[in-house]
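At position 20 of the sequence shown the residue is numbered 24 (the working numbering), and the sequence of numbers has no breaks.
Cβ atoms here follow ideal geometry from the backbone N, Cα and C, with glycine treated the same way.
Since the model is a prediction, treat every value here as computed from it, not as a measurement.
Just below is one structure, and these are the notes that go with it.
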Amino acid sequence: MAPARTSRDTLQLEDYSDADYATDRADRKSLSGSAVLHNGMAVSWTAKKQGGISLSTTASEFVVASEVARELIGLQ
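Now the structure itself:
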């Protein structure tokens with residue numbers, strides 16, 4: 005259940021994310037990490053190995069960015 009908000013209230017969410025490309029030399033999967041903050045306080049964080057194999061650093065960064073975007077949509 006979401007708290008009631010007036011039109012003046014704003015939800016201040018910040019996100020930070022990073023990916024380490026092909027960290028695991030055995031399977032070449034990248035690591036993702038992210039944190040979501042509400043008014044400067046952490047409300048969600050994660051660090052995990054990505055499910056697929058990315059072909060570039062940009063692709064692995066895009067994977068974690070899309071995961072954080074889904075998280076932000078769910079928190080609003």
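May I have the straight-line CA-CA distance separating residue i from residue j, to the nearest angstrom?
i, j, result
"L79", "S38", "14 Å"
"S58", "L17", "28 Å"
"T14", "E75", "18 Å"
"L1", "T62", "Residue numbering for the chain in the displayed model covers 5 to 80; residue 1 lies beyond these limits and cannot be assessed."
"D19", "D31", "28 Å"
"N43", "R29", "38 Å"
Which word fits residue i, buried or exposed, when buried means at least 16 other C-beta atoms lie within 10 angstroms of its C-beta?
i, result
"S36", "buried"
"S60", "exposed"
"V68", "buried"
"V47", "exposed"
"A6", "Below a pLDDT of 50, predicted positions are generally treated as unreliable, and A6, at 49, falls in that range; no measurement from the model is reported."
"S21", "buried"
Using only CA atoms, which one of the options lies nearest to residue i?
i, options, result
"G55", "S21, K33, T27, D19", "K33"
"K53", "T27, T14, D19", "T27"
"D1", "A30, S64, I77, N43", "Residue 1 is absent from the structure shown; the chain starts at 5 and stops at 80."
"A51", "V72, R29, I77", "V72"
Is residue i helix, strand or coil by DSSP?
i, result
"A73", "helix"
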